[in-house]
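According to our numbering, the residues represented by the sequence shown are 3 to 172, in order.
Glycine included, C-beta positions come from ideal geometry on N, C-alpha and C.
Just so we're clear, the structure is a prediction, and the values are computed from it rather than from any experiment.
Notes for the one structure printed next.
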Amino acid sequence: MNDLQQAISLLIKGDVIVLPVEGTYCYVADPFNPKAVDKLITLKTAQDVKTESIMLVGDLEDLPRFVNGFSSAEEDNIMNNWPSDKTIVFNSVQMGVNDKVKYKGKQIALRIPSSDYMLEVLHGVGQPLASVVVYDEQTAAKDKRNLYGIDNFILKLPISLSGKVSEIIE
Numbered sequence: 003m004n005d006l007q008q009a010i011s012l013l014i015k016g017d018v019i020v021l022p023v024e025g026t027y028c029y030v031a032d033p034f035n036p037k038a039v040d041k042l043i044t045l046k047t048a049q050d051v052k053t054e055s056i057m058l059v060g061d062l063e064d065l066p067r068f069v070n071g072f073s074s075a076e077e078d079n080i081m082n083n084w085p086s087d088k089t090i091v092f093n094s095v096q097m098g099v100n101d102k103v104k105y106k107g108k109q110i111a112l113r114i115p116s117s118d119y120m121l122e123v124l125h126g127v128g129q130p131l132a133s134v135v136v137y138d139e140q141t142a143a144k145d146k147r148n149l150y151g152i153d154n155f156i157l158k159l160p161i162s163l164s165g166k167v168s169e170i171i172e
């Protein structure tokens with residue numbers, strides 16, 4: 003089983019894994035699986051991660067799962083900024099979205115990544131994924147296995163990881 007197949011399999015089973023997402027490593031989990039979300043938040047808290055959850059979506063058809071409509075300005079942001087490392091925050095969150103993956107507790111932050119590998123994972127899983135940045139510029143990628151309290155670290159190294167966290171558009 004290659005890295006991609008392993009990542010997809012683990013995510014479908016409800017595991018939390020670490021993957022390269024744009025310029026950083028992230029915890030990644032199924033946002034619709036309460037146990038996976040609880041694991042994600044437990045890891046985030048235990049590792050003292052300060053960043054908010056961001057939903058990674060594979061295409062525009064995934065937006066209605068999180069967003070209850072959007073303004074023309076938000077639509078312009080979508081068309082001008084995706085796919086990329088830019089995250090767009092929406093105020094009109096769908097009912098039923100787990101509060102634990104909301105941005106600042108009340109909004110939803112979404113991104114269509116530009117990373118082909120991450121898009122393959124999203125399409126392979128067949129749904130959006132919750133992510134939380136865990137990248138630490140001081141630690142070399144090869145030393146990151148098991149660093150974050152997790153066994154399933156998919157070491158699929160992109161050409162480079164900049165360490166740059168996604169730009170947030172609110």
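Cβ shell of residue i (< 7 Å), same chain only, five flanking positions each side left out
i       : result
Val-123 : Leu-6, Ala-9, Ile-10, Leu-21
Val-134 : Cys-28, Tyr-29, Leu-42, Lys-46, Val-51, Thr-53, Ser-55
Gln-109 : Val-91, Phe-92, Asn-93, Val-95
Pro-85  : Ile-114, Pro-115, Ser-116
Glu-172 : Val-91
Asn-70  : Ser-94, Val-95, Gln-96
Thr-44  : none
Ile-14  : Val-127
Distance, residue j Cα to residue i Cα
i       : j       : result
Asn-82  : Leu-12  : 33 Å
Ser-74  : Ile-80  : 10 Å
Glu-63  : Pro-130 : 10 Å
Pro-33  : Asp-78  : 26 Å
Lys-104 : Asn-4   : 32 Å
Met-97  : Gly-60  : 21 Å
Pro-66  : Leu-112 : 11 Å
Span of the alpha helix (DSSP H) around residue i
i       : result
Pro-36  : 36-48
Tyr-119 : 118-127
Ser-11  : 5-14
Met-81  : 74-83
Continuous beta strand (DSSP E) stretch holding residue i: start and end
i       : result
Met-57  : 56-58
Ser-133 : 131-135
Ile-19  : 19-23
Val-30  : 26-31
Simplified DSSP assignment, three categories, for residue i
i       : result
Pro-66  : helix
Lys-102 : helix
Ile-114 : coil
Gln-96  : coil
Cβ-Cβ distance between residue i and residue j below 8 Å
i       : j       : result
Val-39  : Lys-102 : yes
Phe-179 : Val-99  : A question about residue 179 goes unanswered here, because the residues of the chain that appear run from 3 up to 172.
Glu-24  : Asp-87  : yes
Ala-132 : Ala-31  : yes
Neighbourhood of residue i by C-beta distance below 6 Å, restricted to the same chain and skipping five residues each side
i      : result
Asn-35 : Gly-16
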